[in-house]
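Single-structure report; data block below.
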Amino acid sequence: MSTWDTRRRPDPEGSAAAADLSTMFRNLCRSSPWKWQSLRFEYWDEPFSDVPDPAAPLVRAWLRRPGALRLETADRLVLHSTTGINDSKDGLYVSATRKSWLLPPHLVAPVYDDGGLVRRRPEAAYGEPGFGNGRFSAALDPVELAGNAPVPIEFPGTNAVDIDAVRRVEHDGRPALEATVTPTASYHPTDTAAPLCLPGSNRVRIDLETGVCVASQSMEAATPDYGHWIRILAVDEYMLDDLFVAESMNLTDVRRHISWDIRA
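First residue of the sequence shown? That's 0 in numbering that gives the first Met the number 0, and the numbers climb one at a time after it.
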């Protein structure tokens with residue numbers, strides 16, 4: 000009677016758990032447009048292994064979907080503030096292309112999995128405001144790591160990235176999923192000049208509440224300084240229009256005394 004070598008026996012429960020976490024990771028990467036409408040955060044355009052270096056330059060950001068963005072330095076110098084956020088589109092614009100008629104993502108319904116994450120994304124007017132390079136926008140909606148929908152089971156190699164070692168971690172006090180990912184030939188970044196992942200191994204973290212890619216870093220010896228770090232400060236805060244325009248839209252407060260300088 001033959002016996003099995005238990006040291007080499009596959010662990011179906013462990014494999015299933017790993018597959019479930021990988022699926023959860025991909026669905027989380029598709030979910031950002033339906034998980035929040037405004038975000039206040041700090042952004043570093045460089046990676047860190049644990050916490051950001053206090054001396055490293057950062058950008059403070061206020062973002063309200065769709066398209067409203069304010070950026071400041073650590074010294075509160077305004078770098079960028081969206082203007083014209085309420086401008087209407089003229090007739091030529093709305094009739095020019097079919098894409099002009101697409102609705103914002105939060106107005107269309109995706110296909111959810113049993114955990115409330117997005118399994119399949121519908122056609123919509125996707126796109127986040129950017130600053131500096133395309134990695135800023137891609138981190139806010141990291142769908143490039145997963146694609147809009149699961150790949151056919153017959154073609155697992157067509158996933159955008161291969162995922163390994165998925166685990167639950169804390170990132171600046173917030174729960175996140177961390178994984179080691181390797182881009183495949185099917186990986187098509189939002190900005191080819193600034194992808195979330197470089198060729199080879201990369202470590203990425205996705206915030207569980209928002210679906211934002213809060214950290215990335217290339218694990219290759221030649222590119223250890225490629226990546227980013229985001230510290231989320233608030234989710235779905237109420238943000239006034241005044242925050243995003245160059246000049247305040249408030250009218251004069253007539254209750255205040257207006258002084259008149261009368262010269263002799």
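Positions of the beta carbon are idealized from the N, C-alpha and C atoms, including for glycine.
The model shown is predicted, which means the values in this text are computed figures rather than measured ones.
Going by beta carbons, T209 and L38 fall inside the 8 Å limit. Counting C-beta pairs with one atom in each stretch, the stretch 121-133 and the stretch 154-168 have fewer than three that are closer than 8 Å, which means they do not touch. Note on geometry: alpha-carbon atoms of W43 and I261 lie some 52 Å from one another. R120 is not a Cβ neighbour of D190, given a cutoff of 8 Å. Between the C-alpha atoms of A184 and D240 there is a straight-line separation of about 42 Å.
With fewer than 16 neighbouring CB atoms inside 10 Å of its own CB, D113 falls in the exposed class. The stretch 165-175 and the stretch 141-152 do not touch, with fewer than 3 CB-CB distances between them shorter than 8 Å. One Cα belongs to Y111, the other to T181, and the distance between them is close to 25 Å. Secondary structure of H79 (DSSP, three-state): strand. DSSP, read as helix, strand or coil, puts W33 in helix. DSSP places V117 in the strand class (E or B) of the three-state scheme.
DSSP places L139 in the helix class (H, G or I) of the three-state scheme. E219 is bridged by DSSP to nothing; it lacks a bridge partner. Taking all protein chains in view, the Cβ of P194 is crowded by 16 or more other Cβ atoms within 10 Å, so the residue is classified as buried.
Judged by beta-carbon spacing, V203 lies within the 8 Å limit of S215, meaning their Cβ atoms are closer than that value. For E122, there is no enclosing beta strand (DSSP E), as DSSP gives it neither H nor E. Between I229 and C28, the beta carbon gap of about 15 Å keeps them out of contact (Cβ cut-off 8 Å).
Under the DSSP definition of a beta bridge, Y42 partners with V58, I229. In the three-state reduction of the DSSP assignment, D161 falls in the strand class, which pools E and B. When secondary structure is reduced to three states using DSSP, A178 falls in the strand class. With a threshold of 16 other beta carbon atoms within 10 Å, T72 falls short and is exposed. Taking C-beta atoms as the reference points, F24 and I162 count as a pair closer than 8 Å. In the DSSP assignment, R204 falls within the beta strand (DSSP E) that extends over 201-206. Excluding the 5 residues flanking it on each side, L68 has same chain C-beta neighbours closer than 6 Å at L62, T81, P128, in chain order. DSSP places L68 inside the beta strand (DSSP E), whose first and last residues are 67-72. C212 carries a strand assignment under DSSP once its states are collapsed to helix, strand and coil.
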